[in-house]
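A.B. asks:
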Amino acid sequence: MASASIPAYNSSPLENSSSQNASSESLKMEPLGDVTLLPGEERVIDKDIIYICPFNGALKGKVFITNFRLYFKSDGDHVVVLDIPLGAIGRVEKMGGASSRGENSYGLEITCKDMRNLRFALKQEGHSRRDIFEILFRYAFPLSHGLPMFAFLSQEKFDENGWHVYKPMEEYRRQGLPTDKWRISFVNEDYKLCDTYPTILVVPYKATDDDLQKVATFRSRCRIPVLSWIHKENQAVIVRCSQPLVGMSGKRNKDDERYLEMIREANATTKLTIYDARPNVNAVANKATGGGYEGDDAYQNAELVFLDIHNIHVMRESLKKLKDIVYPNVEEAHWLSSLESTHWLEHIKLVLSGAIQVADKVSSGNSVVVHCSDGWDRTAQLTSLAMLMLDSHYRTLRGFQVLLEKEWISFGHKFASRIGHGDKNHADQDRSPIFLQLIDCVWQMTKQFPTAFEFNERLLMVILDHLYSCRFGTFLYNCENARDINHMRIKTVSLWSLVNSDTATYINPFYTEESSRVLYPVASMRHLELWVTYYIRWNPRIQQQSPVEQRFRELLALRDQYLKKLQELQLSDSSPSAHLSNSSTPSAASPTQHITHLHTPF
Amino acid sequence: MLTGSKTTFKVRQMVPDVKDRMLSHSGHHTRGRDMFGLCCLPGECVLQRAVLVRKKLSAKEGGGWLAGTLFCTHFRVAFVPQDSPKPDDNADPVLLGDHDVSLSSIEKVVAVGPSRTKLVTPNSSLKFTPEELVLYCRDLRVICFLFDRLTPETQAVEITYTIAKTYQPLKPGTVLSFQNAALGSIEMKQFLSNRRRDPNMNWFESSIDWEQELERAGATGWRVSSVNDRFEMSTSLSRFNVVPQKVLDTELKKTFAHFNEGRIPRWCWRHPRGSDLLRMASFQNNIYHEKDDIRNLELVLFGVQQVCVVVDLGEEMPSPGDIQLAHTRLRALCLGDISASVSVPDDKWLSTLEGTHWLDYIRSCLRKAAEVACLLRGGHLTVVLQEPEDRDMNCVVSSLVQVMCDPHCRTVAGFQGLVQKEWIMAGHRFLSRINYHRDSDKEEAPVFLLFLDCVWQLWTQFPSRFQLSGDYLLALHDSLHMPLFSSFLANCQRERSRRSQHLSQSYTPVNGLRELPRGSSPQDPCDPPLPPVWDWALQYSSQRRARFTQPVTQPSCPPPLLNGNLNTNLDPHRHVDGMAGSVFFLSRGSFSSPSNLLPWRSGAGSGSYRKSHRRAPSAEMLPGLERLLRACSLSEVRPEPHEPLLPLLLGPCVKVWRDCYLRGALHAQAFTHPMPSSMLHPVEQLAWEVQQMRDKLAQASSTSSSSSCSSSSSSPSSSRTSSAPHGKQEPRRSDSNLNQNANNGTFLFPSSRSACYQPAAPRSNAHPAAPLKATSRPPAASFTCPQPRPAGRDGSKHTFLFGHQPDNRPAQRYIPPPHAKPPRSRSGSNGGSSGIHGNPPQ
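So the protein lines, in turn, are chains A and B.
So the first sequence is numbered by the UniProt record's numbering: it starts at 1 and just counts up by one.
So the second sequence is numbered by the UniProt record's numbering: it starts at 1 and just counts up by one.
Encoded structure:
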């Protein structure tokens with residue numbers, strides 16, 4: 001049984017993506033024969049070490065640390081490999097002391113952001129872990145040490161430049177903007193109106209730039225209501241913003257009220273629906289810090305709906321609980337109630353059902369305004385999911401990239417704070433898996449509508465992997481302003497360069513193009529599932545691939561094999577196959593047919 | 001469609017006389033069964049009808065609403081979609097259309113009005129006009145009909161009443177009248193008596209059937225004994241039982257008394273590595289063991305091996321009571337109920353589901369079966385499943401083991417044979433456990449449903465290793481709730497054969513209509529002849545049956561090598577090399593060898609027999625056995641074709657059978673689904689292409705191998721996939737009996753001889769794309785296919801698409817048209833095929 005094959009749980013999607021484009025100069029590290037270094041990646045240290053694998057026990061081997069990754073390969077027949085981008089490391093700790101007793105009690109404990117922990121043991125003599133600990137600490141948390149993140153060191157080249165995927169003007173034009181009711185404003189060109197918004201904003205036609213300035217004073221962090229999406233037929237819009245600065249005294253702002261009225265009038269919505277993503281009590285509590293929500297009397301032609309989605313701290317704790325029950329050991333007897341007690345799926349359900357409400361309102365011709373507190377976490381979740389339900393363009397491989405670029409990256413979801421890229425403060429209260437939650441929601445939708453999305457699960461995985469890896473510039477920094485200052489588009493490579501240079505990997509073979517329908521997933525615990533292939537992917541006893549997809553791939557391989565054989569047969573004995581070819585006429589089409597192409601090349 | 005009806009439509013008061021209240025009665029003309037567009041069974045009468053009704057489609061059916069006409073006959077509630085093609089009067093009767101539900105499956109009728117919902121019972125009166133009619137079914141379907149504003153109000157009211165009064169909450173006595181309603185007419189009886197059984201599956205009714213199974217499994221040293229031919233040895237065992245060759249019938253007779261109900265250890269199956277699987281009831285204690293008896297008991301127990309492991313299923317497996325309780329809870333949880341105000345809040349769904357323990361029981365069945373499979377894999381063992389009665393968990397585990405280990409059991413024919421062997425013939429008490437007559441409430445337990453769920457778990461984890469499909473399992477699940485099938489209407493073979501004897505003695509055709517509830521003794525000579533459940537053509541439309549199989553299975557699988565000799569090559573270090581006569585006891589995952597395991601060895605009183613070489617089993621063997629088990633728990637077993645399918649059993653891996661338990665329209669009703677999740681056409685499509693290529697290759701290699709025999713087997717993959725069988729093509733492989741193996745479709749590159757089995761044919765009608773092929777005739781010239789056995793309804797139709805009319809095949813087939821409702825487009829495309837591929841043999 002012992003085979004030299006590498007168990008599946010080690011194969012991180014990152015490996016698949018380790019680019020073929022890597023130039024050969026990086027092959028200088030001989031001992032890592034089986035890992036290709038990225039251009040720009042450099043070896044820092046290697047060391048004999050013991051990996052305490054929760055599934056296979058203690059494994060002797062060698063660890064290599066580069067400025068990008070931690071790579072471990074065990075000795076012996078049963079090879080276990082770990083390949084972890086340093087960016088995925090959230091915390092490095094020393095375990096045990098020089099005097100600790102017990103086998104393998106002295107070493108390092110690494111907590112990763114991607115749902116696993118690693119333990120390494122070293123010899124107790126001679127401070128053997130000091131150098132490796134310091135190096136790990138330094139390179140895993142470059143920001144805390146004044147070092148550049150790997151994205152700035154990477155020399156990767158791709159056929160396509162992913163930074164060109166999202167062009168705001170093009171996207172707004174695709175939506176049919178500007179119209180006679182909505183205009184494109186450049187008031188924020190220098191990030192003067194709002195430093196966390198993008199430069200190009202779509203606002204009601206009637207609102208002057210002066211109006212916008214006034215409204216900005218009444219919205220938290222100046223995140224004024226701007227258009228995210230417009231329905232082509234009924235002209236209903238999704239508008240996003242932050243909470244109004246009502247405060248304890250219940251302040252009102254005429255400009256803000258008039259501004260929302262303009263939004264309502266744009267398509268003659270009878271009552272503008274304002275979705276406040278927060279639970280009612282939280283919204284009230286926010287008044288104490290100067291925030292709040294739109295009162296009935298102030299906004300008479302609007303109705304306010306609370307969506308009961310909890311804040312970043314609740315989500316962080318929920319994910320922590322989830323990690324506890326899936327890594328390293330998966331609870332068996334009480335799995336379902338343990339899962340329930342994490343409330344993770346319940347939060348997913350609330351986000352999804354909130355987005356369903358938004359989408360439903362908009363598709364029935366009602367304009368909506370969505371906000372939470374600052375309008376960069378729950379708001380982004382709601383608008384992007386609602387847009388995903390409403391607009392089939394966002395369900396394509398490129399459309400989805402545009403959606404993320406637009407609603408998340410350009411509108412200032414605080415990736416740097418939420419993920420803590422290169423930052424050693426693992427206990428930072430700003431960290432929260434908000435974006436992970438979005439991707440989970442998208443995954444739930446792909447599960448319920450397996451033919452509606454052009455991309456597959458692998459894309460979602462690769463997005464999450466590089467959310468942490470710091471190999472690409474895409475998710476670095478909190479807002480466009482900061483990205484501009486750091487010249488991200490010039491100095492770093494976009495994740496979409498990687499994806500779009502190898503689209504075949506990320507294409508869902510079951511995709512059926514369909515434009516007109518609105519997708520409403522069922523947001524019920526009965527139909528939501530834990531994303532096992534992501535959250536429990538490190539466990540070797542969990543199926544790594546959906547059986548259906550596995551079957552599909554097996555069949556594809558088999559078909560190619562048969563095709564080849566048929567051709568061989570025809571070539572090898574052309575005379576006996578004379579009557580074969582009259583009973584069947586396979587044109588010698590290429591067996592290297594594209595995966596998306598299901599038609600047999602006969 | 002409706003204008004043609006000749007009968008004046010009248011709503012009448014409900015009166016006891018059935019004849020009086022029916023709208024129409026499909027008369028004695030055999031072929032004139034079209035009533036208002038409903039294709040009636042012979043003798044079926046339409047009691048009520050409502051027009052312009054819409055049926056809510058489940059997510060699986062594509063969601064949304066389907067307009068049509070709702071009927072209530074005295075056998076079913078039928079729904080005929082508006083634009084469905086006119087029924088073919090000459091087609092054989094099919095019990096249920098795609099949207100129908102039999103009255104016996106209905107559990108509750110709920111009417112939904114403008115402001116209220118009401119549970120409608122036969123005695124209740126409606127004070128409002130229902131807008132919606134919801135049928136809760138015993139098979140966990142929830143069917144929802146919406147009355148249009150244009151539906152005449154009287155029709156909406158009356159059909160609700162009619163259904164409520166006619167559906168038959170199972171109780172003593174109603175089963176027979178239901179059977180008569182469905183099958184009681186003369187035409188139906190004639191039709192049924194002329195029906196042939198599926199010759200592709202093994203029915204395990206004759207000794208030949210058993211011998212064939214021995215041969216298929218390559219089991220030597222065993223023979224079929226007919227000592228129980230008259231059920232004198234054991235009333236619950238079948239006529240024929242497989243026992244060691246060494247034991248003579250006269251000796252065998254003496255062993256029956258030593259086991260509960262006379263259920264002696266019997267052979268079930270042989271693993272390719274040579275281990276045998278047996279099953280038995282508990283030992284009968286307090287019996288004096290004579291010396292001769294003991295010799296025979298040991299022989300019977302050890303079979304042809306030296307080492308025996310007794311696997312206890314009595315204690316750690318769920319009891320029938322547990323299963324019943326769990327299933328009741330699961331049903332309550334899944335069905336939900338709009339008439340009862342209490343339902344489980346959504347955020348408590350997971351823990352409530354866990355609280356039913358249903359998934360726990362599934363896990364324990366699968367785990368036990370996986371353990372047994374791993375033991376068998378070790379080779380040279382006799383593994384005996386022991387359960388006090390040998391009629392419940394033994395059925396579950398023995399058949400699960402075979403599904404895991406034997407690819408043949410993952411085909412429809414093989415699976416049906418398996419159920420025949422391990423359930424129906426083995427005397428699982430279907431009648432009591434299903435409790436059709438509502439007279440065995442204490443015995444009721446859906447053990448078979450638990451088994452089906454276990455199989456579904458395996459299917460869902462290893463879909464490509466199965467030829468049967470999830471739809472097939474679902475259909476079997478649903479058929480269990482119709483008390484029509486001889487398979488399920490008896491507790492053992494003895495009861496079943498008694499019934500049929502009576503039938504043949506005094507067969508008097510009786511007009512089914514007059515059969516109002518009467519005593520339902522199984523011996524009633526008026527019973528209609530009951531079909532076996534495997535007569536799928538009788539129950540479901542050809543479109544539905546087409547989805548019972550999936551074309552290509554085990555893409556990279558060599559032929560199953562069930563010759564019992566695999567072990568010598570593949571098992572270099574035999575795990576278990578015990579002392580002769582060692583017997584071990586497996587319970588709760590660990591082995592022991594208690595001295596009192598075999599009563600005849602332990603008892604001091606009868607312990608006169610103790611041969612010198614039969615010492616106490618050495619403890620040294622235990623690690624070896626434990627290693628076998630560990631292999632199972634560590635999933636060390638590679639996914640190789642002859643290796644068992646060992647399911648993942650971690651919490652997240654055992655799932656709810658959503659397609660079955662949560663298919664009620666109410667669950668996923670919030671919004672419509674653009675694309676149902678079941679429409680995974682691309683995979684199916686690809687599977688078909690591969691299948692066709694495989695056929696073509698088989699064809700090509702068979703023709704080319706006539707000139708150069710080695711050309712096919714020298715290619716890399718064929719040498720990989722079929723090295724073993726080609727190396728030693730057993731002489732008996734040419735035997736006609738073995739062509740069951742061919743059903744597996746696993747002869748990828750057969751030698752010229754085995755090529756003639758033509759693996760694809762039996763399942764060639766399984767795909768929606770079939771109609772296209774139907775037009776092309778088999779390339780008879782280039783491919784002659786000597787079928788050793790009658791190939792049945794499918795075998796004669798080879799489907800070779802290649803070459804004949806390649807243009808005929810529209811490329812857009814795979815992609816469902818974006819706006820068409822998938823079910824409709826599907827049935828539409830299948831319309832042509834039904835006549836050609838779906839016809840049962842006449």
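All residues carry an ideal CB built from backbone N, CA and C; glycine is no exception.
(1) Leaving out five residues on either side along the sequence, give the residues of the same chain with a beta carbon under 7 Å from the beta carbon of A:E331.
(2) Mind checking if B:M280 is an interface residue toward chain A, Cβ cutoff 8 Å exclusive?
(3) Indicate whether at least one CB of chain B lies closer than 8 Å to the CB of A:L136.
(4) Would you report the Cα separation of B:R21 and B:T166, rounded to the nearest angstrom?
(5) Judging by CA-CA distance, which residue of A:M488, A:R398, A:D48 is the nearest neighbour of A:S74?
(6) From the beta carbon of B:I462, is the nearest beta carbon of chain A less than 8 Å away?
(7) Between the beta-carbon of A:L336 and the beta-carbon of B:L353, is there less than 8 Å?
(8) Counting only runs that start and end within the segment 47-84 of chain A, where is the beta strand (DSSP E) found for 3 or more residues in a row?
(9) What residue range is occupied by the uninterrupted beta strand (DSSP E) comprising A:M95?
(10) Can you tell which of A:A151, A:D77, A:K424, A:H164 has its C-alpha closest to the C-alpha of A:R398?
(11) From this set, A:G61, A:N67, A:A151, A:F158, which residue's C-alpha is nearest A:I45's C-alpha?
(12) Consult DSSP for B:W600 and reduce its assignment to one of helix, strand or coil.
(13) Just to make sure I have the definition right: I need the residues of chain A whose C-beta is within less than 9 Å of the C-beta of B:S702. Which are they?
(14) In its own chain, which residues sit with a C-beta less than 8 Å from the C-beta of A:D211, not counting the 5 before and 5 after it?
(15) Can you list, in chain order, the residues of the segment 516-531 of chain A whose Cβ is nearer than 9 Å to any Cβ on chain B?
(16) Within 8 Å of any Cβ in chain B, is that where the Cβ of A:Y327 sits?
(17) Please classify B:T160: is it buried, with 16 or more other beta-carbons within 10 angstroms of its beta-carbon, or exposed?
(18) Quick one: give me the first and last residue of the beta strand (DSSP E) that B:K55 is part of.
(19) On the three-state DSSP scale, how would you describe B:N285?
(20) In the DSSP assignment, what residue or residues form a beta bridge with B:K108?
(21) In chain order, what residues of the same chain have a beta carbon less than 7 Å from the beta carbon of B:L474, not counting five sequence neighbours either side?
(22) Here's the rule I'm using: 16 or more other beta-carbon atoms within 10 Å means buried, otherwise exposed. How should A:L571 be labelled?
(23) Excluding five sequence neighbours on each side, which residues of the same chain lie with their C-beta closer than 6 Å to the C-beta of A:V215?
(24) When you compare each of A:D430, A:G422, A:Y535, A:I536 to A:F152 by their alpha carbons, which one comes out closest?
(25) Determine whether the beta carbon atoms of B:L622 and B:V310 lie at a separation below 8 Å.
(26) Compare the C-beta of B:W203 with all C-beta atoms of chain A and state if any pair is closer than 8 Å.
(27) Quick one: Cα of B:K655 to Cα of A:T533, how far?
(28) For a quick check, are the C-beta atoms of A:S373 and A:V239 less than 8 Å apart?
(29) Could you check how far apart the C-beta atoms of A:A266 and A:W344 are, in whole angstroms? I think they sit under 8 Å.
(30) To the nearest angstrom, report how far apart B:R663 and B:R331 are at their CA atoms.
(31) Mind listing, in chain order, the continuous alpha helix (DSSP H) runs of no fewer than 4 residues lying wholly within the segment 156-238 of chain B?
(32) So A:G354 is in the alpha helix (DSSP H); what residue range does that whole segment cover?
(33) Just to make sure I have the definition right: I need the residues of chain A whose C-beta is within less than 8 Å of the C-beta of B:K421. Which are they?
(34) Report yes if the CB atom of A:A236 is closer than 8 Å to the CB atom of A:K271, and no otherwise.
(35) Using 10 angstroms around the beta-carbon of A:R537, count the other beta-carbons present and answer buried if the total reaches 16, otherwise exposed.
(36) List the residues of chain A whose Cβ lies closer than 7 Å to the Cβ of B:W349, in chain order.
C.D. replies: According to the structure shown:
(1) In the same chain as A:E331, and ignoring 5 residues on each side of it, the C-beta atoms closer than 7 Å to its own belong to I325, S338, in chain order.
(2) B:M280 does not count as touching chain A.
(3) So no, A:L136 is outside the interface.
(4) Per-residue confidence for B:R21 stands at a pLDDT of 49, beneath the threshold of 50, marking its modelled position as unreliable; no derived number is given.
(5) The shortest C-alpha separation from A:S74 is found at A:D48.
(6) Note that residue 462 of chain B is Phe in the sequence shown, not Ile. Between B:F462 and chain A, the shortest Cβ-Cβ separation is below 8 Å.
(7) Closer than 8 Å, so yes.
(8) Correct list: 57-66, 69-74.
(9) Here the beta strand (DSSP E) through A:M95 covers 89-95.
(10) Checked all of A:A151, A:D77, A:K424, A:H164; the closest Cα to A:R398 is A:H164.
(11) Per the C-alpha coordinates, the member of A:G61, A:N67, A:A151, A:F158 positioned closest to A:I45 is A:N67.
(12) Looking at B:W600 - three-state DSSP - the assignment turns out to be helix.
(13) Residues of chain A passing the Cβ test: none, with the nearest at roughly 10 Å.
(14) Closer than 8 Å at the Cβ level, and outside the excluded window around A:D211, lie D255, R258, Y259.
(15) Cβ contacts with chain B come from S516, R517, V518, L519, Y520, P521, V522, A523, S524, M525, R526, H527, E529, L530.
(16) Output row for A:Y327: interface = no.
(17) Buried, by the Cβ-count rule.
(18) Residues 45-56.
(19) Coil.
(20) Per DSSP, B:Y136.
(21) So the list reads D659, C660, once near-sequence residues are dropped.
(22) Result: exposed.
(23) A distance below 6 Å between beta-carbons, with the five flanking residues on each side excluded, links A:V215 to the following residues of its chain, in chain order: I224, D255, D256, Y259.
(24) The candidate whose alpha carbon is nearest that of A:F152 is A:G422.
(25) Cβ distance not < 8 Å, so B:L622 and B:V310 don't count as in contact.
(26) Taking Cβ atoms only, chain A never reaches closer than 8 Å to B:W203, which makes this a no.
(27) Straight through space, the alpha carbons of A:T533 and B:K655 are spaced by roughly 14 Å.
(28) No, the Cβ-Cβ distance between A:S373 and A:V239 is not below 8 Å.
(29) A:A266 to A:W344, Cβ: 38 Å. No contact.
(30) C-alpha of B:R663 to C-alpha of B:R331: approximately 12 Å in a straight line.
(31) With a minimum length of 4 residues, the continuous alpha helix (DSSP H) runs that stay inside the segment 156-238 of chain B are 174-183, 186-193, 207-217.
(32) A:G354 -> alpha helix (DSSP H) spans 344-363.
(33) Near B:K421 there are no residues of chain A at all, since even the closest Cβ is about 28 Å away, more than 8 Å.
(34) Here A:A236 is not near A:K271, since their CB atoms are 8 Å or more apart.
(35) By the C-beta density criterion, A:R537 is buried, having at least 16 other C-beta atoms within 10 angstroms.
(36) What B:W349 touches in chain A: M525, R526.
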